[in-house]
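In terms of this note's numbering, the first sequence is residues 19 to 426.
Shown next, in structure tokens, is the structure this report addresses.
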Amino acid sequence: MPFAPVEEQLTYLKKGLAELIREDELRERLAAAAKVHRPLRVKAGFDPTAPDLHLGHTVLLRKMKHFQDLGHRVIFLIGDMTGLIGDPTGRNITRPPMTRDEINRNAETYRQQVFRILDPQKTEIRFNSEWLEPLTFENVVRLCSKYTVARLLERDDFSKRFKEGSPISVHELLYPLAQGFDSFALECDVEMGGTDQKFNLLVGREIQKDYGQVSQIIATVPILEGLDGVEKMSKSKGNYIGITEPPKVMFRKIMQISDELMYRYYELLTDLQMHEITRLRENVTAGLRDPMELKMELGRRIVADFHSAEDADAAADAFDREVRQGLEPADTETVDLPPQASSERGIRVDKLIALVGVADSVTDATRKIKAGAVEINGAVQKDLLLTGARGTLVIRVGKKWKRVRVAG
RNA sequence: GGACAGGUGGGUGAGCGGUUAAAGCCAACAGACUGUAAAUCUGUCCCUCCUUGCGAGGUACGAAGGUUCGAAUCCUUCCCUGUCCA
């Protein structure tokens with residue numbers, strides 16, 4: 019397949035990038051690639067420990083897909099070796115080495131998830147243990163000799179921690195070097211990552227040069243804010259939307275974001291053009307469009323991307339019922355009354371809701387009941403004891419619902 | 001190797017012998033208000049038990065011991081972190 023004209027490719031690729039270093043190098047490289055019909059090798063690295071991708075990752079994956087759209091080759095690198103270090107984000111931990119088994123399992127999970135976006139035909143999945151593991155101590159020393167401590171400490175995160183006296187372990191300094199070595203080993207033309215990866219990506223340029231290779235071009239994508247609109251989306255902060263989450267959950271989480279954040283999501287998670295998004299915003303300001311309606315549209319689009327259009331509609335309907343009208347979800351789970359929840363005098367509601375999973379613990383359940391947060395069959399249940407119950411109880415605690423079958 | 005300063009609940013961060021399950025803030029959860037959110041206000045925020053009470057127990061302030069009627073608070077040892085000196 020012939021490549022598209024260089025300038026056309028460039029325009030397509032630049033859309034939505036945070037930064038491109040350097041543009042003229044990419045232009046040259048695209049031209050050279052077209053001449054010999056060699057696709058560019060585009061790498062992005064991923065952590066082996068967190069195989070659950072969320073929308074934050076998809077900003078990058080979508081961009082990687084764009085390279086594939088143009089006929090280039092994407093290398094999905096799983097950092098199983100660098101995973102021992104963990105990207106130094108302030109946590110001074112050496113993670114326990116993962117077994118080959120775990121890594122393979124995670125890789126499989128990745129495979130299932132990333133191919134919802136990437137084209138498997140144009141994707142290579144690699145592990146950096148492939149070349150980092152056989153590296154001898156001598157080679158590690160050589161690698162280290164290529165870079166200075168001062169330059170490593172330029173990294174934001176390091177210099178900050180250094181200044182405030184937080185610990186920085188030596189192995190953490192190795193992370194950027196190892197990542198740079200990956201680029202050399204894979205002969206990358208381009209490396210991608212979030213803007214927070216800029217430092218590491220730049221080190222790769224130096225390392226490649228030192229090893230006699232042409233420096234990679236680096237392309238960074240913006241970091242997606244999480245549901246709170248402030249911190250970056252991450253699993254550990256709990257402000258994420260996982261790409262394998264059920265449609266209803268996805269949809270509800272999207273509806274949870276602020277109106278302001280909605281435009282950002284439109285920008286980074288849909289193919290809508292910037293000018294279209296600006297117009298949407300203007301229409302809302304002018305009172306021509308309802309922000310909620312726009313947000314539901316966003317939710318539909320995202321759910322449809324990872325599930326299907328039907329799922330998206332169903333999720334929107336469910337949201338309408340459950341959140342806007344406060345009705346019971348259509349798919350409330352029904353369980354039998356746990357025997358531990360009944361006593362001679364009746365049903366112990368506190369134990370019941372804890373056992374059935376709508377409260378965290380019996381203590382928590384007691385608090386919720388006293389606070390009037392528990393409804394049974396539509397009536398607020400303030401008493402810990404429920405007598406004369408029969409049939410099926412419809413229990414609601416906040417947004418959690420459960421049906422409980424009572425024998426007799 | 002030496003001197004000094006630290007290690008508290010999901011996160012910050014007070015407390016430095018009892019009235020402390022441990023202030024304040026953030027997050028979280030629930031309620032009110034909203035036909036999305038946000039904002040705001042209120043309450044809750046270790047676990048178990050029951051006779052549901054400003055109830056009774058059990059765990060908890062890096063780890064293990066010790067001193068005390070009583071320790072997150074004092075002592076000892078150990079582990080971890082930082083700063084300075086070598």
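Quick reminder that beta carbons are idealized off the backbone N, C-alpha and C, glycines included.
Predicted model only: the values in this text are computed from it and were never measured.
query	result
Using the rule of at least 16 other Cβ atoms within 10 Å of the residue's Cβ for burial, across every protein chain shown, is T141 buried or exposed?	buried
Anyone know if the C-beta pair for G198 and E224 falls short of 8 angstroms?	yes
Within this structure, are the beta carbons of A359 and A348 separated by less than 8 angstroms?	no
Output the residue ranges of the alpha helix (DSSP H) runs that lie fully inside the stretch 121 to 173 and measure 4 residues or longer, sorted by chain position.	147 to 150, 155 to 163 and 167 to 170
Could you name the residues of the same chain whose beta carbon sits closer than 6 angstroms to that of F21, not counting the 5 residues immediately before and after it, in chain order?	A52 and G89
Just reading off the beta strand (DSSP E) that I96 is part of, what are its end residues?	R91 to I96
Does D354 come out as helix, strand or coil in the three-state DSSP assignment?	strand
Going by other Cβ atoms of all chains shown within 10 Å of its Cβ, with 16 needed for buried, is H72 buried or exposed?	buried
So the alpha helix (DSSP H) G416 belongs to, where does it begin and stop?	That residue, G416, is in no alpha helix (DSSP H); it is neither H nor E in DSSP.
Do R45 and the ligand PLP come close, with the Cβ less than 7 angstroms from some heavy atom?	With respect to small molecules bound, the structure shown includes none, and the ligand PLP cannot be examined in it.
Here's the rule: buried if 16 or more other CB atoms are within 10 angstroms of the residue's CB, otherwise exposed. What is R59?	buried
In angstroms with no decimal places, state the Cα-to-Cα distance between E311 and E151.	52 angstroms
For the alpha helix (DSSP H) containing T238, name the first residue and the last one.	Not the alpha helix (DSSP H): T238 falls in the beta strand (DSSP E), residues I235 to V239.
Between which residues of its own chain and N110 is the CB-CB distance below 6 angstroms, once the five residues before and five after are set aside?	Confidence is the limiting factor: at N110 the pLDDT is only 45, short of 50, which leaves the residue's position unreliable, though a coordinate-based value still follows. For N110, where only same-chain residues beyond five positions count, the Cβ hits under 6 angstroms are P185 and S187.
Reducing DSSP to helix, strand and coil, say where F64 ends up.	strand
Applying the criterion that 16 or more other CB atoms from any shown protein chain within 10 Å of the CB defines a buried residue, is Q86 buried or exposed?	buried
Once DSSP output is grouped into helix, strand and coil, what is the label at K250?	strand
Could you tell me how far apart the beta carbons of P264 and A332 are, in whole angstroms, since I believe they sit closer than 8 angstroms?	About 10 angstroms separates the two Cβ atoms, so there is no contact after all.
Excluding five sequence neighbours on each side, which residues of the same chain lie with their C-beta closer than 6 angstroms to the C-beta of S276?	G247
Using DSSP with H/G/I as helix, E/B as strand and the rest coil, what is S360?	strand
Could you check if G108 is buried or exposed, using at least 16 other CB atoms within 10 Å of its CB as the buried criterion?	Note on G108: pLDDT 44, under 50, position unreliable in the model; the coordinate value appears next. Exposed, because fewer than 16 other Cβ atoms sit within 10 Å of the Cβ of G108.
Any idea if A196 is buried or exposed, counting beta-carbon neighbours within 10 angstroms, 16 or more meaning buried?	buried
Which word fits Q139, buried or exposed, when buried means at least 16 other C-beta atoms lie within 10 angstroms of its C-beta?	exposed
Can you give the Cα-Cα distance for Y229 and H84, rounded to whole angstroms?	29 angstroms
What first and last residue would you give for the alpha helix (DSSP H) that runs through G74?	L73 to D87
Looking only at its chain, what residues have a beta carbon closer than 7 angstroms to the beta carbon of I39, apart from the 5 residues adjacent to it on each side?	I235 and I236
Does the stretch 305 to 321 come into contact with the stretch 119 to 134, if we say contact requires no fewer than three beta-carbon pairs (one atom in each stretch) closer than 8 angstroms?	no
In the DSSP output, which residue or residues are listed as bridge partners for I365?	S360 and L404
Give the secondary structure of A425 by DSSP, where H, G and I count as helix, E and B as strand, and everything else as coil.	coil
On the three-pair Cβ rule with 8 angstroms, is the stretch 312 to 329 touching the stretch 266 to 274?	yes
Once DSSP output is grouped into helix, strand and coil, what is the label at L28?	helix
Just list the residues that DSSP pairs V392 with in beta bridges.	V415
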